[in-house]
Structures are given as C-alpha cells and as structure tokens.
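Our numbering puts the sequence shown at residues 1127 to 1503. Even glycine gets a Cβ: it sits at the ideal position worked out from N, Cα and C.
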Amino acid sequence: MRFSRWLILAAILAIVACVAQTYIKRKQALAESAPAPPAPLESGVDGRASDWVYTQSDGNRPRVTVRARKFRQVRAPSVMELEGVELQLFHQKDGQYDLVKSEKAEFDIAAKTLYSDGDVEITMGKAEDEDAEGRLVKIHSSGVRFESDTGKASTERAARFQFDRGNGSAEGADYDPVARELHLRSKVVMNWRAKTRRGKAMRIESGEAYYREAEGKVTLLPWSKLIRDTLRMEGGASVVSLEKGVIKQADSQSARGVQNDPGRRVEFAGDRLTILFGDDMVVSNVKGEGNGKLVSTASAARTTVTGDRILLEFDTSSKESILKHAVASGKSVAESRPLPRPGEAAPEIRVLRSEVIDLTMRPGGKDMDKVKTEGAG
C-alpha cells in the first residue's frame, strides 16, 4: 500500500514535468512565429495609421473629403502629416467634385487647412452642362494651401493650367470651386485655340486676370495684350468674352491695335475699344469710343480717319480679315496722304472734314474706293 502511494506520486510528477516541457516548447514556438512588435511612437507624435479619411459636410451635402494612404499626427503644432493625398472639393448643385492629388501634405486641425509644399494637380469635375466649352480642366502648381471650410485653393508660386481649348501660366493663383473662378495674380499668359485647324490661336497677356467660367469672361488688369498672327492689340484693363470656349469679343480701355499684313497695314485706337471676332477668332468689327482713330497704309497712300467714334467693318470671307468699310462720327477728319515715289514730286494731300465720314475700301482693302459725308463737309 505504501509502495503504490509513491508510485502515484511519481506518475503525477512525471505528468507535471511533461506538461511543463510541452508548455515551454509551445511558448518558444509562438514567440518565434509572432510578428515583430510595432516601433514605439517618436517623441511628440500622438499616432500613426493607414487609410485616413476626413469629411466636412454642409447638412446632408458633402463639402470636402480628404483621404490619405498614410498619416502621422504631430502633437505640437497640432497637424497631421499625410502621404498619398486625395482631396475632393464638391460642387454645390450637381454632385460633381474637383479632385486634388498630392504625394505629401499637412492638415492643420485647428485651422482646417491643408498645405502641400510639393507638386499639386487639380482636376476639374464635369460642369452641369456636359457639352459646355471653354471649361477649366486642370491646374498644376506647388506650395498650395486649401481651406476645408470653403474649398478655396491658393499659391504664391508658378502655376500652369489647361482649358479644353487652350492653356496658360501665371505667378500665383487662387481658385474658388464654388464660384468657379480662377484668379491669376501676375505674369499672366493664356493661349486659346480656334475651333478649326486652319484657325490661328489667340495669345492673351496681362499683369493680373480673373477667369469666371460661369460667365464666360476673362478680366485683365491693369494692362492687356491680345496677339493673333498679324493682329496685335495693347491697352489698359480689358474684358474678354467667350462663346462656347472661343473668344468672341474684347472690350479694352485706352487701347490701340494693328493688323500688319503683306501690302496693307491697318491701325486703330480709342479710349474705349471693342473688337468683335467671327469664326476662328478673325476680326469682324472694331468700335472705338472717344478719340477714335484709323490709319490704313498701303503701297500707294496712307489714309487717316479720326472722330469721336469710329466703326470698322472687315471682310471675313477669306481666312483673314480685310478692312472694307469705316465710319467716323463726331468732329470727323479724313486725310489721304499719297506716299512719295523716288524721283517724283511730293503728291497732293487731301483732307475732308465733316460730322460723319463714310469710307469704303476697294476689294482687297489696300486702297480707298470712295468717301462720302452725311452732312456738310
């Protein structure tokens, strides 16, 4: 009986030893196969994670959504450092949004602003009218700051942008997705393509510009230039109006223009100058208000017409515009000065004064055909 007690005790000890050995081996195996523990957070960092999302809404309508592949929250200042960033700026009515992409950005929680020092690409969403032309398509820049409350974007650095009918650049830009307005701060260059292949592009330059997509207008400040092939206009502040993405009208202050074609040169000016463009942005009409002036120069003569107002009409049946008709009103003067030829006496100058002078050019626009007045002359 005493011997069987010792035998039971020995069996129990053997079982305990076997279980302990199995436990130790199992623990070692689990330890070896366990994933490495995460690295401890750096000093001043409150957290890090992947697939971060931030959304700001106006009632049931989303206003801004920010997504990032990775984020790290810094304690002071309270910012989130983001990688692989996508920002959605939602439109007010149509459910579309503008998409912003940047590899790295910082989100200021208190100020509700997102800042990217590196490259930023903004792709515009579809307009309510999907067939609308003249739309802003993309903006490329760096050092861009976004306000999550309004969706407005701004940068002081160089920016490039694309339209569906052109492109451009500027130093410093602001974009308002709600108003669909692009403000170009300085050194503005914009290039607009014609509708057809034969049409020539229009280049616009100014010190500052506002492109209002909804209105189809470009406001140029404080000076402006329009250049298209042989046409060049310079002036003060101007408003360029678009129709289906093509330039149709330019209204300028204190402006002067010149169209310098082989064999003929047409100059015009006015305190307020309006240029109307036909197909392919070819000049069809010019209206000058206040100190209106026309100078038409051909191989034989130079004709100068002045008046309080001038109205010029161009023939656009060919691929370029040709002056065919001019009317000056208000203390008008027309002067025809034949150009001297070598070995010949200076030709006679003809001057006509009247309240209204109507001038018609010969076909081709190089020479004057007839001049008439509507009153005493």
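Collapsed DSSP secondary structure at residue i in the structure displayed
i, result
"residue 1261", "coil"
"residue 1328", "strand"
"residue 1147", "helix"
"residue 1406", "helix"
"residue 1382", "strand"
"residue 1218", "coil"
"residue 1467", "coil"
"residue 1152", "helix"
"residue 1249", "strand"
"residue 1188", "strand"
"residue 1493", "coil"
"residue 1370", "coil"
"residue 1231", "strand"
"residue 1498", "strand"
"residue 1170", "Model confidence at residue 1170 stands at a pLDDT of 49, short of 50, so the residue's coordinates are unreliable; what they give is reported in the following sentence. DSSP places residue 1170 in coil when its eight states are reduced to three."
"residue 1196", "strand"
"residue 1204", "coil"
"residue 1181", "strand"
"residue 1400", "strand"
"residue 1377", "strand"
"residue 1526", "Residue 1526 cannot be examined here, being either before or after the span of the chain that is shown, 1127 to 1503."
"residue 1355", "coil"
"residue 1395", "strand"
"residue 1483", "strand"
"residue 1474", "coil"
"residue 1513", "Outside the shown range of the chain (1127 to 1503) lies residue 1513, about which nothing can therefore be said."
"residue 1361", "strand"
Residues of its chain near residue i, where Cβ-Cβ distance is below 6 Å and the 5 sequence neighbours each way are ignored
i, result
"residue 1085", "This structure cannot settle anything about residue 1085, because the visible part of the chain is limited to 1127 through 1503."
"residue 1288", "1263, 1264"
"residue 1486", "1451, 1495, 1496"
"residue 1421", "1393, 1430"
"residue 1498", "1484"
"residue 1179", "1193"
"residue 1488", "1495"
"residue 1351", "1331, 1360"
"residue 1419", "1395, 1432"
"residue 1390", "1424, 1491, 1492"
"residue 1329", "1317, 1353"
"residue 1383", "1359, 1394"
"residue 1245", "1268"
"residue 1410", "1402, 1404, 1440, 1442"
"residue 1436", "1414, 1418, 1420, 1454"
"residue 1473", "1464"
"residue 1307", "1338"
"residue 1177", "none"
"residue 1385", "1356, 1357, 1392"
"residue 1266", "1247, 1286"
Nearest-angstrom beta carbon gap, residue j and residue i [assumed within contact, 8 Å]
i, j, result
"residue 1325", "residue 1406", "3 Å"
"residue 1402", "residue 1381", "With a Cβ gap of about 14 Å, residue 1402 and residue 1381 do not count as contacting."
"residue 1235", "residue 1204", "5 Å"
"residue 1476", "residue 1458", "No, residue 1476 and residue 1458 are not in contact; Cβ-Cβ is about 14 Å, not under 8 Å."
"residue 1408", "residue 1442", "5 Å"
"residue 1286", "residue 1295", "5 Å"
Residue i at chain C interface by Cβ criterion, 8 Å
i, result
"residue 1438", "The structure shown contains no chain C, having only a single protein chain."
Close beta carbons around residue i, own chain, < 7 Å, minus the five adjacent residues each side
i, result
"residue 1274", "1182, 1190, 1238, 1239, 1240"
"residue 1188", "1181, 1216"
"residue 1309", "1299, 1300, 1336"
"residue 1312", "1296, 1297, 1298, 1333, 1334"
"residue 1438", "1394, 1411, 1412, 1420, 1449, 1452"
"residue 1445", "1324"
Sequence-distant residues of its chain with Cβ nearer than 8 Å to residue i (five each side left out)
i, result
"residue 1292", "1316, 1317, 1318, 1319, 1327"
*Segment contact flag, the region 1454-1471 with the region 1428-1437, C-beta cutoff 8 Å, min 3 pairs*: yes
*Every unbroken alpha helix (DSSP H) within the region 1271-1353, with a cutoff of 4 residues, ordered by chain*: none
*Looking at C-beta atoms only, is the number of pairs between the region 1276-1286 and the region 1317-1335 that lie closer than 8 Å three or more?*
no
*Please go through the region 1412-1468 and give each complete beta strand (DSSP E) segment of 3 or more residues, from N-terminal end onward.*
1427-1441, 1448-1464
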